[in-house]
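**Q**
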Amino acid sequence: MSKNALEDSLYGWGDEVESNAIEFLIHSLRKKIGQDRIKNVRGLGWYISNA
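Numbers 33 to 83, taken from this note's numbering, label the letters of the sequence shown in order.
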């Protein structure tokens with residue numbers, strides 16, 4: 033899922049989003065479910081792996 037898609041899903045249309053808000057949420061999620069579960073595909077976004 034791309035950063036823009038996450039912003040659109042998490043925040044309302046037209047809401048101002050801080051530049052690092054998504055990165056902070058990804059960091060927090062990685063701490064909860066494990067570093068290896070969330071993968072980043074450069075230029076595309078993130079995905080959650082089954083492993």
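For each residue, glycine too, the CB sits at the ideal point set by N, CA and C. In this text, all values refer to a predicted model and were calculated from it rather than measured experimentally.
Is any beta-carbon of chain D found at less than 7 Å from that of I65?
**A** In the structure shown, chain D does not exist; there is a single protein chain.
**Q** Return the residue from the list G66, K63, N36 that minimises the CA-CA distance to A53.
**A** Closest option to A53, Cα to Cα, is N36.
**Q** Beta-carbon within less than 7 Å of L61's beta-carbon, same chain only, minus the 5 sequence neighbours each way: which residues are those?
**A** Cβ within range, chain order: I70.
**Q** According to DSSP, G77 sits in a beta bridge with which residue or residues?
**A** BP columns for G77 point to V73.
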